[in-house]
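Enquirer: Can you keep this structure in mind? I'll have questions shortly.
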Amino acid sequence: MVMAVATGGVIGIGHLSWTLLKTALFLGAVVVFGTGFLERTVQFLAKLDLGNIKLLYPFVLLMIMAWLADKIGLAAIIGAFAAGVIIKEESFSGIGPGLDPCQNVESILAPFEGILAPIFFVLVGLQVNLTTLANVKTMRMGLIITAVAVAGKLASSLAVRDGANRLIVGAGMLPRVEVALIVASMGKSLGVLDDALFSVIIVVVLLTVLMTPPLLKWSIERKRN
132 MVMAVATGGV IGIGHLSWTL LKTALFLGAV VVFGTGFLER TVQFLAKLDL
182 GNIKLLYPFV LLMIMAWLAD KIGLAAIIGA FAAGVIIKEE SFSGIGPGLD
232 PCQNVESILA PFEGILAPIF FVLVGLQVNL TTLANVKTMR MGLIITAVAV
282 AGKLASSLAV RDGANRLIVG AGMLPRVEVA LIVASMGKSL GVLDDALFSV
332 IIVVVLLTVL MTPPLLKWSI ERKRN
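Just so you know, we're using this note's numbering here: the sequence shown kicks off at 132 and counts up by one.
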């Protein structure tokens with residue numbers, strides 16, 4: 132959708148419906164066929180006695196899925212999300228000689244995150260116009276949207292089943308971080324978002340991230356008492 136707007140495309144009901152249909156078909160195909168494909172591929176690679184399969188395969192699969200999503204006109208993040216849905220620790224059990232069997236896929240891939248995450252945040256930071264960010268109108272709009280976002284999350288927590296602490300659940304859902312920054316960065320790069328709108332999103336991200344720990348701590352202590 133963002134790419135269509137940036138390239139001058141007209142967004143109508145037909146285009147929106149087609150995009151939603153493509154997304155549903157893509158995710159549906161991944162869920163239905165992806166798990167079996169993953170397990171068969173892992174078993175085949177395990178026969179090759181590759182010690183780094185548990186490290187490399189999830190990363191390569193993520194890149195391929197992101198590329199496929201981009202090729203069919205969807206956001207690459209949808210492909211990355213789809214890869215995360217089908218990658219299961221059980222698929223890699225008993226393989227990966229030379230690796231600590233107690234290590235899960237997430238911990239093994241942590242070094243990639245340690246390298247790539249800081250680079251991503253630096254690139255996002257370079258897109259921020261500090262003058263616009265410090266503007267009173269930007270701050271005001273950021274506060275308004277943050278208030279709406281917080282109210283929405285706290286309201287959605289009312290659907291939590293009985294016995295669970297709704298305030299803790301709502302507070303835990305407050306942060307807008309990676310996905311919001313990825314979408315905002317894409318929009319800024321494509322020219323869909325100007326400096327003002329991009330700065331508003333940054334304000335919302337910062338405020339929701341900063342308020343979550345104390346609010347979550349207070350919610351947990353309140354439940355204990």
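The C-beta atom is built at its ideal place from N, Cα and C for all residues, glycine as well.
#1: What does a CB cutoff of less than 8 Å around F164 pick up in its chain, not counting 5 residues either side in sequence?
#2: Who are the Cβ neighbours of L192 in its own chain at under 6 Å, not counting the five residues just before and after it?
#3: According to the Cβ coordinates, are A166 and I217 closer than 7 Å?
#4: Residues in the same chain with beta-carbon distance under 7 Å from G204, minus the five sequence neighbours each way, listed in chain order, please.
#5: Please list, in chain order, all residues of the same chain as W349 whose beta carbon is under 7 Å from its beta carbon, the five residues on each side excluded.
#6: Would you decide whether V281 is buried or exposed? Buried here means 16 or more other CB atoms lie within 10 Å of its CB.
#7: Go ahead and pull the three-state DSSP assignment for I218.
#8: If you check the beta carbons only, do L254 and K284 fall under 7 Å apart?
#9: Can V334 and R307 be called in contact, C-beta distance under 7 Å?
#10: In chain order, what residues of the same chain lie with their CB nearer than 6 Å to the CB of L264, ignoring the 5 residues before and after it?
#11: What did DSSP end up calling M304 once you bin it into helix, strand or coil?
#12: If we count the other Cβ atoms within 10 Å of its Cβ and call it buried at 16 or more, is L156 buried or exposed?
#13: How is A265 classed by DSSP in three states: helix, strand or coil?
#14: Compare the C-alpha of G318 against each of L187, V340, A206 and name the closest.
#15: Apart from the five residues just before and just after Y188, which ones in its own chain have a Cβ nearer than 6 Å to its Cβ?
#16: With DSSP run on the structure shown, which of helix, strand or coil describes V259?
#17: Buried or exposed: where does V162 fall if 16 or more other Cβ atoms within 10 Å of its Cβ makes it buried?
Expert: Here's the rundown:
#1: none
#2: Excluding residues within five positions, the ones whose Cβ falls inside 6 Å are A214.
#3: Before going on, a small fix: residue 166 reads as Thr here, not Ala. In contact: T166 and I217 (Cβ atoms closer than 7 Å).
#4: Taken in chain order, the residues that qualify are K153.
#5: Excluding sequence neighbours, W349 sits near nothing in its chain.
#6: buried
#7: coil
#8: no
#9: In this structure, R307 does not lie closer than 7 Å to V334 by Cβ.
#10: Within the same chain, L264 has close Cβ partners S330.
#11: Three-state DSSP puts M304 in coil, outside helix and strand.
#12: exposed
#13: Secondary structure of A265 (DSSP, three-state): coil.
#14: With distances taken between Cα atoms, G318 lies closest to A206.
#15: none
#16: coil
#17: exposed
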